[in-house]
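Below you'll find the structure, written out as structure tokens, and then a few comments.
Protein chains: 2
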Amino acid sequence: MKKYLKHHEWYIIEEGFDPHLNRISESVFSIGNGRMGQRANFEEDFTGDTHQGTYVAGVYYPDKTRVGWWKNGYPEYFAKVLNAPSWIGIKVKIGDQVLDLAKCKVANFVRVLDMKQGLLHRSFEATFTDGKKVEIDSKRFCSMADGEVGAIRYSIKPINFSSTASITLAIDADVVNKDSNYDEKFWEEVHQESQAGWAIVNAQTKKTFFQVCTGMEYRFEAEGKLINGKVSTNVKAKYADNVVDVELKEGVEFIVYKYAAVLSSENHKKDSLVKLCRDKLNESVRISFTKLFESHAAVWAHKWEECDITIDGDIAAQQGIRFNIFQLTQTYTGEDERLNIGPKGFTGEKYGGSTYWDTEAYCLPFYLSTADPKVARNLLVYRYKHLPKAIENAKKLGFKDGAAFYPFVTMNGEECHNEWEITFEEVHRTSAMAYAIRDYINYTGDVGYLNEFGLEVLIGISRFWAQRVNWSTDKDKYVMLGVTGPNEYENNINNNWYTNYLAAWTLRYSMWAIEQVKKSDAKRYGVISTKVSFKEIEETSKWKDISDKMYYAEDPKRGVFLQQDGFLDKELLTVADLNPEDTPLNQKWSWDRILRSCFIKQADVLQCMYLFEEDFTNEQIKRNFDFYEPMTVHESSLSPCVHVILASKIGYKDQAYEFYLRTARLDLDDYNNDTEDGCHITSMAGTWMSLVKGFGGMKILDDKLYFNPYLPVQWKSYSFRIEFRGRVIKVKVSKDKTETVLESGEPLSIQLSGKEVKLK
Amino acid sequence: MKKYLKHHEWYIIEEGFDPHLNRISESVFSIGNGRMGQRANFEEDFTGDTHQGTYVAGVYYPDKTRVGWWKNGYPEYFAKVLNAPSWIGIKVKIGDQVLDLAKCKVANFVRVLDMKQGLLHRSFEATFTDGKKVEIDSKRFCSMADGEVGAIRYSIKPINFSSTASITLAIDADVVNKDSNYDEKFWEEVHQESQAGWAIVNAQTKKTFFQVCTGMEYRFEAEGKLINGKVSTNVKAKYADNVVDVELKEGVEFIVYKYAAVLSSENHKKDSLVKLCRDKLNESVRISFTKLFESHAAVWAHKWEECDITIDGDIAAQQGIRFNIFQLTQTYTGEDERLNIGPKGFTGEKYGGSTYWDTEAYCLPFYLSTADPKVARNLLVYRYKHLPKAIENAKKLGFKDGAAFYPFVTMNGEECHNEWEITFEEVHRTSAMAYAIRDYINYTGDVGYLNEFGLEVLIGISRFWAQRVNWSTDKDKYVMLGVTGPNEYENNINNNWYTNYLAAWTLRYSMWAIEQVKKSDAKRYGVISTKVSFKEIEETSKWKDISDKMYYAEDPKRGVFLQQDGFLDKELLTVADLNPEDTPLNQKWSWDRILRSCFIKQADVLQCMYLFEEDFTNEQIKRNFDFYEPMTVHESSLSPCVHVILASKIGYKDQAYEFYLRTARLDLDDYNNDTEDGCHITSMAGTWMSLVKGFGGMKILDDKLYFNPYLPVQWKSYSFRIEFRGRVIKVKVSKDKTETVLESGEPLSIQLSGKEVKLK
């Protein structure tokens, strides 16, 4: 845990340059626009410790898998989020001296992330070894108004000298991935070109043949006038630049405007990329930095209008929630149904792959509540399009007859993760797709989604469960053997309560969905039924039998559900019993020790109670919370948010607040000592849920919206907005009252703290 | 399964050259002498499919580990059995044409392994594209009389031409390992030298800095006379040769004698290697091929005297058992306590590492019964010397106070395997070391071994178990969570019956051992006790408590012990229910499917009953055999032998015979389609046990030797020898009678088929 960032409502602020914190800041200050993004690397050269990262959505590399002992059914590759060509480079050379924060004396360093406007701002004073001093001020953004455009305003002000200088403006595709398995580079050259004033590099990924064409054009300005310098152009494989000789005058700000265009073959024909890139650059220069930024900031203003949460009386909490919303918003805009929400977004490359169950289990409610329903719908359609691959994936593992097993990690629907205990056994994720359908329909009322896409997915998943369970003659119940639950600190266990519950629910929900589709459009039902060779009577009677006779482990004495068979054989300690030197367990203990201990990465019995809270009494939730929470080490970033929600529900307000801070400021305060690898993007949606579903007590039940809010004692008030069935409702919770305002849409009734309220 | 080898009492015979079978034959026909060995690669060039392998005992490489997701506690490296410098190369060039079986027409190809004399013999007729025809006859051996010497007699007979020819005699250290993780080469040059008549290459392994100095000297002979040719010498990095121009005369046999010396820095000072290698070569040439071979064959004659098993009336079975004994004998001679028995011996490099629990659990009885007790003792001392590393290994996993956790795979005592479910959880192996001590004392009566080495090892292992179990308040018993039993088709299970049983036994045995040492030498006990900081009362009372209150899963209804908790939740099918296309499961099913099925790689409940047969009634064994055997797929080569022994015990004679053939001819008939990787050396000891302990009903109980033999109906008779407490007893079982003869040593009483027999 580190606390070096200043608290502020709208800004993230780092004052003073500490090289040891640089990688963390590079993650936290990342910027993006849904299409592309980058870590907060410096524009000028930097020979100190840094993790360079520029990312383009949807562009990945299937790196040859690396695994100890090959297991039958493993995927051939592990998809890597690719470090893409960098367009930020502005090398500054004054005389013989290169500006490099690792070599100069640095003063007044400030790095600011302006979340309101989506701007990365940095300024500092650097003193060279010969005493020359410059002031640098850099502003950078990836345009939310045009996903293919980025721009930098970089000013250089000599304080105590005048001198010639050379400025190098580069596009560099000769980049490496930190977690390449075999130290390969993944980009190959296609085209590079440098002319006075601009440069372009078109590079192609190996194997996947994505092309990303990255170009830059620039302008210099001083004392309000355009400046030209002597240009030399350089080109080598996967690299192009302009080196420009200019004069710097003491006390005069010399401004570099660098415009970038990043075009991917996912959106354009390959042979048009270079031309379109040139056009885009021309256009950007014509529009100018200032106007580009205005359009960009206007989009942000609108976004904040939709999804801002205010917290009065607690700046750390306010900053935390906005940081989470900011990162989520710039990671995924919902405009492209081929994209998804990577666990690190555009802030790092760890974990590879773009899509985890995190999207459905954690992120969906955020987008459903704060954006146009088509944003969330696109996330669902993404999985619908992967259905054939999910069926193929199931086949590889021996399932048949159209059973669908969604991958644990994917780029294109294929599984690309290979630890057997996860890949093959963390099966619950396949039902996250079913739960997402329920969530989507609950929020939007769009039951018709079942007819179009949903039912096919549900049938596939239900078929998987019907084959994955087996009948235990010993228990006289259906059991599910050899799984890993969301609590990944247990592997290959039997009858994980969460998984069994979710499987049985999925079967019931699918049967309900069948009735819905039949009822609303019998013909369409026939089409789907034929398409998937559905034997309705035979299959659904099996589903019914399984969901009726599913086995759930319980401890009647304690009145708790058991995470898995045999859980009570463990030595039941609590986190308080642990030597603090032993945590985080995943860094200190060997894997077997973690597995046989009672300690929980994220509590999956509780997670299930959160997902299906209507199925359980508060008394039940309380008993299980009291049993599992003390054993939970929260070493998954996805863990604390669920605890906020349940703690709120059962009145454990202090705990709820504590967990809230932990999730809201996870990356800002580097709670888990891993922010340097990138931010925990998907768990940020959990932070949003903590507040809205936890403190706000928001839920949807039987087509009705519920709030049951309370105000943490540390706060004066808080407010949030919810989109629900065509309405926007603003909720403001203060000490004495809760205001609910219908900002747009038709009147509706909601339940507020147990009372019906009509909103007009 | 393949059946291309001819049956013969003493020979393994391959007739005709089928390139597709070449890798299998290269494994089967391997030769060695405990110090070094090699696959049956061809001396002349061969561009066809081949797996080149030459191995020097004790020389390994710590290859950088390769693993999917790093788990805390994993070892840094995976030790590789190294493909060592090759000394067999004899390149034959006639005119412009290189002799190469992949390019010539081959006729009358015969490859013979003469097991009686330890000789690899190969002859064939090759026709070049221009019609020239030669007859080749090659004989090769690694001397059992001098472990550093090998020799080849290679004769070339032109059938239909006379011609000049060039013969290249090489030493080549520029070799690769098939299973190198990063395609590295592991040898570096130290010295290479070539003079007319001889060449030497001294090479060193990276990281481990073993030096292996390999030299060759040669003589040519034709028509009974020494021949000289024009010699050119060549040297390059890690390679040296002589190329000799000679005249071949039609119809005249031209004989190459190539003498090799292989000296390792494990046995000599590095700076003396080259000189000693020269000396050894000189000496070999002086002695001559014929005399070297005579000494070698004499050692084999003596070995066979000790350990031969005869089977009358079944040549396939006779050949099978001799092949197993032959390979075991040439893999490990017991002369060097630093060495051990690798799973592939000198026949391949798969699995890496030299030492598995196979040694203690399978191989020890063979060496105890057929060789001087010091051979087996050296195997025990090997583990004693690794005790500090076993304690370190336990520490890495969080154990303390001198707990010893022996590695799953090792070269030098360190763990070098890294699948968590094996490395961290296949814990039973550590007690194999304890069982080996019991076995050794049972055979030899040498209780004094406890004083010298045994007790320390037992205390370390017992301390491990005392920490590895935990008290289950739920069961009111000690339980053992998160283990993998010998049946590796279950991972991370709870209360593996085998492991719990072995752990409890170890604790009891250690307490017995303490009493033995105390009684025989109280002072020595004090020394050990101080050395290991033993808190006798506290520790042993804990041990007693655990062994008294250990939990064992049982099914009272069926009257069987349960392999693990929850076993009865599985769908209880039998191998007969499997679609034959689905086997072997490990090649056809995904891992999760194997894990949640009832199918068993090797039945560990049965294995435990074999190890402790005195603890169980025949009725119990029968019930458990009837339950587990039908689910056992025997996909471990270590499986069938245990089934022979138990099936014999409970009178299932047909099954016993069937399993016997499967184990005895596993490699000869390539049962598991994997002999091309090398032979299953350690399971060969199981074959020996099958016959002696299965058919022969041999066991040792309360210091007494028991036989309870029967004759498989397929045989006329069989005989074997047993060393027991200074005696050699020959047992011959015929249809009507069993003869037991005391061949040497003091008179003793044995139990034969339930009756006491006095042997004089």
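Chains P and B, in that order, are what the protein sequence lines are. Anchor point for the first sequence: position 190 equals 189 in numbering that gives the first Met the number 0, and the numbering is continuous, going up by one each time. Anchor point for the second sequence: position 361 equals 360 in numbering that gives the first Met the number 0, and the numbering is continuous, going up by one each time. For every residue, glycine included, the Cβ atom is placed at its ideal position computed from N, Cα and C.
Indicate the three-state DSSP secondary structure (helix, strand or coil) for residue i in the structure shown.
i: P:A640; result: The amino acid at residue 640 of chain P is misidentified as Ala; the sequence shows Cys. If DSSP states are grouped into helix, strand and coil, P:C640 belongs with the helices.
i: B:G725; result: coil
i: P:V174; result: coil
i: B:I166; result: strand
i: P:M688; result: helix
i: P:V58; result: coil
i: B:S122; result: strand
i: B:W186; result: strand
i: B:C415; result: coil
i: P:T49; result: coil
i: P:A431; result: helix
i: B:L704; result: strand
i: B:Q750; result: strand
i: B:E755; result: strand
i: B:C678; result: coil
i: P:Y256; result: strand
Kindly indicate if chain B contains any beta-carbon less than 9 angstroms away from that of residue i.
i: P:W68; result: yes
i: P:L637; result: no
i: P:V574; result: no
i: P:G397; result: yes
i: P:E183; result: no
When you compare only the Cα positions, how much space is there between residue i and residue j?
i: B:E391; j: B:E455; result: 15 angstroms
i: P:A144; j: P:V109; result: 27 angstroms
i: P:Y350; j: P:K600; result: 17 angstroms
i: B:D568; j: P:F16; result: 60 angstroms
i: B:L386; j: B:E538; result: 19 angstroms
i: P:P372; j: P:N441; result: 12 angstroms
i: B:S165; j: B:E183; result: 33 angstroms
i: P:L501; j: P:S430; result: 7 angstroms
i: P:E489; j: P:Y73; result: 21 angstroms
i: B:R428; j: B:T354; result: 11 angstroms
i: P:G565; j: P:W419; result: 22 angstroms
i: P:K648; j: P:K698; result: 11 angstroms
i: P:T739; j: P:F598; result: 41 angstroms
i: P:G558; j: B:H416; result: 43 angstroms
Between residue i and chain P, is any beta-carbon pair separated by less than 9 angstroms?
i: B:R622; result: no
i: B:G72; result: yes
i: B:N494; result: yes
i: B:V559; result: no
i: B:P474; result: The residue you asked about is not Pro; residue 474 of chain B is Lys in the sequence shown. It does; some Cβ of chain P falls within 9 angstroms.
Under the DSSP definition of a beta bridge, which residues are partnered with residue i?
i: P:W197; result: P:Q194 and P:E216
i: P:T631; result: P:I599
i: P:S85; result: P:D171
i: B:V574; result: None; B:V574 has no bridge partner.
i: P:E134; result: P:E124 and P:K156
Task: At least 3 beta-carbon pairs within less than 8 angstroms: the segment 241-260 of chain B vs the segment 283-293 of chain B - done: yes
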